[in-house]
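Chains as they are written, first to last, in our numbering: chain E, 2 to 317; chain D, 1461 to 1795; chain G, 1145 to 1421. Every residue, glycine too, gets a C-beta built ideally from N, C-alpha and C. None of these values were measured; they are calculated from a predicted model. Below is one structure; the comments refer to it alone.
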């Protein structure tokens, strides 16, 4: 039984040549595949960076995660209830102060908060400030049509104007979104994921759910790198942007592959857990010790939330 | 599809949280019974998988791309109730870490994408594929149609939840406190794109993924892990009834009280020239038990009143949902 | 046959395992004594990993029987909480895929998972984690999430997670696969040391180069999923026929000074050929 090494086919031996590939002058458009890879890389970077900030010694990092999450949740609710732009602005200023005293660079914090969600909210809410979209008292008239303009069955009125209500509503929405996102970002930037999970127990989240949450988060990174490898391998084989049809097929088959791998993985993890004594009932260590300063901070946050809502009722 | 914080009122968000509690409770029990000890790793990986495929950009005609939710695919492989938990976990992680969807809005987002979407998708799939072999064409067709229907129902719910805000929550002079667009704007905006494009993307990708599984990982479709609850034909109408109730009870509670916003009986008379008899009766009935927030000076416009009316609303919704779930449980046991 | 020791850890009789109509193992019988160093050799797909999972009570034979520490190891036995806990405390398993083994949010909790779930009191759990981190030199990683660890670090943490349980028997599945040379060396030393401390070490591998370091006895699984041979490690390694039949070595064609010849090829010793164009 003598087997020799497999012989390579002729086309595989012929080299493409030592010259640099010729340019064709055509630019590649960023394909869906590339956008996916970038999105995944961004998610991975975000997590690494968050862990680094959570490890710093700042005001919120030192606070007991349970006190911190309860306090921030109270403020989040207050931000959802109040309707005075001034109070929302005050709350926003407070989140900036909290970020600064927790050694989060303000430039980074503001960028992180504003870059996506509130800016997006602004774009969405923009049309609603005009009277043609939403009725209201005109504040600035941009263009007087001089007569009633009709678009089929709809009347657009006699002028295009920015309304008082539209502007106020837009301001409230954007501020509210900004405060909410700031509070959420503060919580997640200054808390290690494992501590945040333990804090969930005070909201009566069942242990097994906490365990699932922690494992899901951990394996997102494994699956992300698996998926990102698949997409990278695809990109390296693609010359042009690839037809959307092929890309859709590729996305679907990668989902299938990933689902298969996930299934194998979950079997292995289960075996590893059972081997170390898991019988379906998760156990946890005594998590943290609540100190006076934690309680003080929690009480302060609760009072602040109540004051904000109360003040809002007085002003509004 | 992910609603951020600030777009919907705390009452809406809270109501949907309250509705999710019995759903999570039921899902937890079902999963514990069907998957037993394996539930933790299986559901966790299911959640991680969902999270990752939500990051896939899928090209759509016109040069842009959309994201798939994959909820129906997860429900088809893990079973509907395990999918509820897996999708919830994925949404919680997205909200906490990547700012996709708000924290107070987790209840709403879970209701739309982690409950209605997989359940609707799954039962449509079952309806179409019932009795077919795991390799049969009805499997992928059913999964594709299920994904399309599930996604669109879910998008419609988003449009409803966001669209009822301006009518319900505005200041005396009409300034919107949350999302400013009414139902007549949110429904066309959401449904146009979901019915014509995104729904087909979801359907196509789900169907193709199921075809892939039929070729390469048939075990995942054969129901070895899915352990679907044996939903006999008698359970289905009940389930649909529950779904309808879950959707309309809170809407009714929230909407009829303060006016159908622009759709108050007066409005309707102006527009249509008549008021449906039932509506007239009901608007009186509702404002009797739950006076609206807008009246200045009354108890109900003060802070405790505000809280109290929210709490009453939540209690009613929660109670009804809980009863419905209990009822389902009982029928199931006697099955 | 191996010498009969006084304390059998595992006794297998005609063990057969099949899954979805495919045979994983057939007619397996051997015995492992306390304090032994045993290697399970076999090519990919021969059933080594399956055998380890059977020994760890993660899956159960379709035929034949396994006894562990003198009592029968099967599904009913492990449903007994007391037996399960006792068995899990005495047998630890270091999996090949560290990613599957490290499922906790950080290193500290990973190591605490075993002791905690096996019912140790909280302060003892803390002490064990601290000591385990120390002996493996992992203190600086204690708060790291597992996805921010290198391959070698992951393997060490996986070992630490098992050692914190302080099992009498350690099962290793392909421990050196994909490791850098330094970690591999460290791991082999550690395994030898654990054996000197009285632990039974059972290693499934196809890396023949490490066998003599980690085992005194070897069992070979053939590609037909049956026992192909058994004996002192050095003798098994010297048996070219046996290794060839189990597909653990293969013929290799080389050119030496223009002459082409074939010979069995393995990585038992340093491979020392001069290759010319």
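Does the beta carbon of residue 44 of chain E come closer than 7 angstroms to any beta carbon on chain A? Absent from the structure: chain A. Protein chains present are E, D and G.
7 angstroms Cβ cutoff met for residue 1183 of chain G and residue 1362 of chain G: To locate residue 1183 of chain G, count along the third chain from 1; it is residue 39. To locate residue 1362 of chain G, count along the third chain from 1; it is residue 218. With respect to the 7 angstroms criterion, residue 1183 of chain G and residue 1362 of chain G are classified as neighbours on the basis of their beta carbons.
Over what stretch of residues does the beta strand (DSSP E) that includes residue 1209 of chain G continue unbroken? The residue labelled residue 1209 of chain G in the question sits at position 65 within the third chain. First-last of the beta strand (DSSP E) with residue 1209 of chain G: 1207–1212.
For chain D, find out if any of its Cβ atoms is closer than 7 angstroms to the Cβ of residue 58 of chain E; answer yes or no. Position 57 of the first chain holds residue 58 of chain E. With its beta carbon at least 7 angstroms from every one in chain D, residue 58 of chain E lies outside the interface.
7 angstroms Cβ cut-off: residues of chain E touching residue 1552 of chain D: As a working note, residue 1552 of chain D is residue 92 in the second chain. Per Cβ cutoff of 7 angstroms: 214.
How about residue 1261 of chain G: is its C-beta nearer than 7 angstroms to some C-beta of chain E? Position 117 of the third chain, counted from the start, is the residue given in the question as residue 1261 of chain G. Among the residues facing chain E, residue 1261 of chain G is included, as its CB has a counterpart in that chain under 7 angstroms away.
Residue 199 of chain E CB to nearest chain D CB: under 7 angstroms? Reading the first chain from its first residue, position 198 is the one you call residue 199 of chain E. No - not a single Cβ of chain D is within 7 angstroms of the one on residue 199 of chain E.
Take residue 58 of chain E as the anchor and find which of E:192, E:173, E:278 and E:83 has the nearest alpha-carbon. Taking the first residue of the first chain as 1, we reach residue 58 of chain E at position 57. The shortest C-alpha separation from residue 58 of chain E is found at E:192.
Please confirm if the region 1466–1476 of chain D is in contact with the region 1565–1582 of chain D, defined as three or more CB-CB distances below 8 angstroms between the two stretches. Result yes; three or more Cβ-Cβ pairs closer than 8 angstroms.
Residue range of the beta strand (DSSP E) that residue 1635 of chain D falls in? In the second chain, residue 1635 of chain D corresponds to position 175, counting from 1. Element bounds for residue 1635 of chain D: n/a, residue is neither H nor E.
Taking the runs of the alpha helix (DSSP H) that are 4 residues or longer, which of them lie wholly in the region 1302–1350 of chain G? The region 1302–1350 of chain G contains these whole alpha helix (DSSP H) runs: 1325–1340.
Please classify residue 1377 of chain G as buried or exposed, where buried requires at least 16 neighbouring CB atoms within 10 angstroms. Mapped onto the third chain, residue 1377 of chain G falls at position 233. With at least 16 other beta carbons inside 10 angstroms of its own, residue 1377 of chain G counts as buried.
Interfacial residues, the region 284–299 of chain E to chain D, with Cβ spacing under 9 angstroms: Result list empty, no residue passes.
Kindly list the residues whose CB is nearer than 8 angstroms to the CB of residue 308 of chain E, restricted to its own chain and excluding five residues on each side of it in sequence; keep chain order. Taking the first chain and counting its residues from 1, one reaches residue 308 of chain E at position 307. Here the set comprises nothing.
Reference residue 1270 of chain G, options G:1256, G:1219 and G:1371, closest by Cα: One-based indexing of the third chain puts residue 1270 of chain G at position 126. Among G:1256, G:1219 and G:1371, the Cα nearest to that of residue 1270 of chain G is on G:1256.
Residue 1795 of chain D - DSSP class collapsed to helix/strand/coil: Here residue 1795 of chain D refers to the residue found at position 335 when the second chain is read from its first residue. Residue placement at residue 1795 of chain D is flagged as unreliable, the pLDDT there being 42, under the threshold of 50; the coordinate-derived value follows with that caveat. Coil at residue 1795 of chain D, not helix or strand.
Once the 5 residues before and after residue 1515 of chain D are set aside, which same chain residues still bring their CB inside 8 angstroms of it? Position 55 of the second chain, counted from the start, is the residue given in the question as residue 1515 of chain D. Here residue 1515 of chain D has 1527 as same chain residues with Cβ atoms under 8 angstroms from its own Cβ, once five neighbours each way along the sequence are excluded.
In angstroms with no decimal places, state the Cα-to-Cα distance between residue 1507 of chain D and residue 1498 of chain D. By 1-based counting over the second chain, the position of residue 1507 of chain D is 47. By 1-based counting over the second chain, the position of residue 1498 of chain D is 38. One C-alpha to the other measures close to 14 angstroms.
Answer yes or no: do residue 1407 of chain D and residue 257 of chain E have a C-beta to C-beta separation smaller than 7 angstroms? No information on residue 1407 of chain D is available, as it lies outside the stretch 1461 to 1795 that chain D covers here.
Check the Cβ of residue 1316 of chain G against every Cβ in chain E and list those closer than 7 angstroms, keeping chain order. To locate residue 1316 of chain G, count along the third chain from 1; it is residue 172. Result: empty, since nearest Cβ-Cβ is about 12 angstroms, beyond 7 angstroms.
With 7 angstroms as the threshold, decide whether the Cβ of residue 1658 of chain D is near any Cβ in chain E. As a first step, residue 1658 of chain D must be located in the second chain, where it is residue number 198. Taking 7 angstroms as the threshold, the shortest C-beta distance from residue 1658 of chain D to chain E does not fall below it.
Any chain E beta carbon closer than 7 angstroms to residue 1390 of chain G: Here residue 1390 of chain G refers to the residue found at position 246 of the third chain. Interface with chain E (7 angstroms Cβ-Cβ cutoff): residue 1390 of chain G is excluded.
May I ask you to report which of helix, strand or coil DSSP gives residue 39 of chain E? Counting from one through the first chain, the residue named residue 39 of chain E turns up at place 38. It is helical.
What are the start and end residues of the alpha helix (DSSP H) that includes residue 1162 of chain G? Residue mapping note: residue 1162 of chain G aligns to position 18 of the third chain, counting from 1. Segment 1152–1163 is the beta strand (DSSP E) holding residue 1162 of chain G; no alpha helix (DSSP H) there.
Can you list, in chain order, the residues of its chain whose CB lies under 7 angstroms from that of residue 312 of chain E, leaving out five sequence neighbours each side? As a working note, residue 312 of chain E is residue 311 in the first chain. Here the set comprises 88.
What's the gap between the Cα of residue 1246 of chain G and the Cα of residue 1301 of chain G? Along the third chain, read from residue 1 onward, the residue named residue 1246 of chain G stands at position 102. Along the third chain, read from residue 1 onward, the residue named residue 1301 of chain G stands at position 157. Distance between the alpha carbons of residue 1246 of chain G and residue 1301 of chain G is about 8 angstroms.
Going along the chain, which residues of the region 1158–1187 of chain G sit with their C-beta nearer than 7 angstroms to a C-beta in chain E? Of all residues in the region 1158–1187 of chain G, none has a Cβ within less than 7 angstroms of some Cβ in chain E.
State the beta-bridge partners of residue 1181 of chain G as determined by DSSP. Here residue 1181 of chain G corresponds to residue number 37 of the third chain, with the count starting at 1. Bridge pairing for residue 1181 of chain G: G:1345 [DSSP].
Closest Cα partner of residue 100 of chain E within the set E:159, E:125 and E:186: Sequence index remark: in the first chain, residue 100 of chain E carries index 99 (1-based). Comparing Cα positions, the closest option is E:186.
Do you know how far the Cα of residue 1172 of chain G is from the Cα of residue 1559 of chain D? Numbered from 1 along the second chain, position 99 holds the residue referred to as residue 1559 of chain D. Numbered from 1 along the third chain, position 28 holds the residue referred to as residue 1172 of chain G. Rounded to whole angstroms, residue 1559 of chain D to residue 1172 of chain G spans 55 angstroms at the Cα level.
Identify, in the order they occur along the chain, each residue of the same chain with its Cβ nearer than 6 angstroms to the Cβ of residue 1335 of chain G, setting aside the five sequence neighbours on each side. Here residue 1335 of chain G refers to the residue found at position 191 of the third chain. Taking C-beta separations shorter than 6 angstroms and ignoring five residues to either side along the sequence, the partners of residue 1335 of chain G in its chain run 1345 and 1358, following chain order.
Between the region 1250–1283 of chain G and chain E, which residues of the former have a C-beta closer than 9 angstroms to a C-beta of the latter? Look at the region 1250–1283 of chain G: the residues with a C-beta under 9 angstroms from a C-beta of chain E are 1250, 1252, 1253, 1256, 1257, 1258, 1259, 1260, 1261, 1262, 1263, 1266, 1269 and 1270.
Is the CB-CB distance between residue 1562 of chain D and residue 1547 of chain D below 7 angstroms? Locating residue 1562 of chain D in the second chain gives position 102, where the first residue counts as 1. Locating residue 1547 of chain D in the second chain gives position 87, where the first residue counts as 1. Taking 7 angstroms as the Cβ cut-off, residue 1562 of chain D and residue 1547 of chain D do not qualify as a contacting pair.
Is any beta-carbon of chain D found at less than 7 angstroms from that of residue 220 of chain E? The count along the first chain starts at 1 and reaches residue 220 of chain E at position 219. By this cut-off, residue 220 of chain E is an interface position.
Do residue 278 of chain E and residue 1296 of chain G have their C-beta atoms closer together than 7 angstroms? As a first step, residue 278 of chain E is located in the first chain; it is residue number 277 there, counting from the start. As a first step, residue 1296 of chain G is located in the third chain; it is residue number 152 there, counting from the start. Going by C-beta atoms, residue 278 of chain E is not nearer than 7 angstroms to residue 1296 of chain G.
Tell me, please, whether the CB atom of residue 1227 of chain G is closer than 7 angstroms to any CB atom in chain E? What you label residue 1227 of chain G is simply residue 83 of the third chain in a count that begins at 1. With respect to chain E, the C-beta atom of residue 1227 of chain G has no partner C-beta closer than 7 angstroms.
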